[in-house]
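Have a look at the structure below before the remarks.
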Amino acid sequence: QMGLLKLFTQLIDRCEDEDKDKWQQVMASEATQDGLGITPLMTMLAEGADECVAYEAVYFGIALFEGGNPMAQTALMKWFQSADECFFDSMVEKIRKAIKMFKDRQREKAFLDEQIFESDEEKEQYKEILEKKKEVKQLTAVLRLLQLFCEGHF
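Its first residue numbered 639, the sequence shown is counted upward by one per residue in the working numbering.
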């Protein structure tokens, strides 16, 4: 599942990278993917229990909806009208986990501030490690996907 999602994401990204002025290529690619039922598949995989697959689906959704993509937006709206609320429940849970993680990170930073290090540089290295955790990227991706869903298409 993850490999297929990465393939579709790269297909969209490659079209955008090769020539930013040729949105027709991107739209044709996205229309084909939508015809394959990719939009509902993305939402189902994003709400799944496997975190790696779920976040790969979120990244794919961002690539799919970046720049509008009215066909995918229409398919998404139809899907949400006919499906249950599991997708949104899953996104809320991902946001809750991220909020908890940020609170934990604040406690870790406070703990680091109380510790004695050989140098300020060593302390800053530990703080930098805290900032680079994957959860930050994941939360940003979830929020970006939700933003793309809401950009005035319906």
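Even glycine gets a Cβ: it sits at the ideal position worked out from N, Cα and C.
- Across the structure, G641 and R745 are spaced so that their CA atoms are roughly 36 Å apart.
- Around the CB of S757, fewer than 16 other CB atoms lie within 10 Å, so the residue is classed as exposed.
- Boundaries of the alpha helix (DSSP H) around I700: 689-703.
- Boundaries of the alpha helix (DSSP H) around E760: 758-769.
- Between the segment 758-765 and the segment 712-726, the count of Cβ pairs shorter than 8 Å is below three; the stretches do not touch.
- According to the DSSP assignment, E773 belongs to the alpha helix (DSSP H) that extends over 772-787.
- Counting along the chain, the unbroken alpha helix (DSSP H) around F725 starts and ends at 724-752.
- L643 is positioned such that its CB atom lies closer than 9 Å to that of V691.
- Annotated three-state conformation of A721 is coil, per DSSP.
- Here the alpha carbons of M709 and V774 stand approximately 30 Å from one another.
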